[in-house]
Amino acid sequence: MVRQHNSWYTHYMNTVAVVFYSLEGHTKYLAEQLAERLGADLVPIQPKKTYPTKGFAKFFCAGRDAILKWNIALQQPLPELESYDTVVLCTPVWAGTTSAPVYSFLKQTDLSSKKLFLIATCRGGSTKRCFERMRKTAKGASILGEERFVHPSEQTQERDEAQIESICSVVQEHS
Ligand SMILES: Cc1cc2nc3c(=O)[nH]c(=O)nc-3n(C[C@H](O)[C@H](O)[C@H](O)COP(=O)(O)O)c2cc1C
55 MVRQHNSWYT
65 HYMNTVAVVF
75 YSLEGHTKYL
85 AEQLAERLGA
95 DLVPIQPKKT
105 YPTKGFAKFF
115 CAGRDAILKW
125 NIALQQPLPE
135 LESYDTVVLC
145 TPVWAGTTSA
155 PVYSFLKQTD
165 LSSKKLFLIA
175 TCRGGSTKRC
185 FERMRKTAKG
195 ASILGEERFV
205 HPSEQTQERD
215 EAQIESICSV
225 VQEHS
């Protein structure tokens, strides 16, 4: 069972937050798996304006914002992360790079005192530029690692098991 990030218990007991943005559910599914196994809090990033989920508009709007590195408006208040030592940050890949909501979150949040594990989900393309942008934008954070997943879902759980376990070991070792 995943606890909410503002409950009394997690506020005082947890040091790991799994922060994610997901348009179509793959990244959300993975973030939920990670949070559950780590006993971590699950913290969504929410753009003020939601992206279209269908057709040309989806690729046009989301692709444009990622390519142009737009620092988009996010719902306020931004996630409160002061009480966490470690953040597992999960993004979909958009147009070969970090999704605009996660890029904007990094621009608007000071993670310089945090340990950060980077996760990208994609449909099979490269995640190199996505991780480069995340590292560059998360100024000062200590990066624990980065992992790429192709369309994680219930159907790929067996395929992804070892990778998920390995992320959890690294995070637990450092938190
Ligand atoms: C606008 C847009 C651009 C995308 N660009 C890429 C890409 O360059 N490479 C890739 O492998 N997948 C790309 N994808 C696929 C997503 O990265 C992939 O489906 C991801 O798992 C979606 O995560 P979500 O379900 O949490 O939104 C793109 C998806 C969208 C909506």
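In our numbering, the protein residues as written are 55 to 229.
Backbone N, C-alpha and C fix where the C-beta goes; we use that ideal spot for every residue, glycine too.
All values derive from a computational prediction rather than experimental measurement.
- Each of K103, L84 and L77 was checked against the Cα of E208, and the nearest Cα belongs to L84.
- Under a 10 Å Cβ-count criterion, A120 is classified as buried, with 16 or more other Cβ atoms of the shown protein chains found around its own Cβ.
- Counting only residues whose CB is nearer than 7 angstroms to a non-hydrogen atom of ligand 1, the list in chain order is S76, L77, E78, G79, H80, T81, K82, K112, F113, A116, G117, A120, P146, V147, W148, A149, G150, T175, C176, R177, G178, G179 and H205.
- The alpha-carbon separation between P155 and N125 amounts to approximately 8 angstroms.
- Considering only I221, L128, T210 and R213, the residue with the shortest C-alpha distance to I197 is I221.
- Every beta strand (DSSP E) of 3 residues or more that sits fully in the region 119 to 166 is shown, in chain order, as 140 to 148.
- With a minimum length of 4 residues, the unbroken runs of alpha helix (DSSP H) contained wholly in the region 65 to 101 fall at 80 to 92.
- DSSP places A216 inside the alpha helix (DSSP H), whose first and last residues are Q211 to H228.
- Around the C-beta of Q87, 16 or more other C-beta atoms lie within 10 Å, and the residue is accordingly described as buried.
- Distance from the Cα of V224 is smallest, within the candidate group A216, L143, G199 and E215, for G199.
- By alpha-carbon distance to T140, the top candidate from G194, T69, T163 and S158 is T69.
- Residue pairing by DSSP places C176 opposite V204 in a beta bridge.
- It is roughly 23 angstroms from the alpha-carbon of L96 to the alpha-carbon of T151.
- Counting only the Cα atoms, T163 lies some 31 angstroms from F110.
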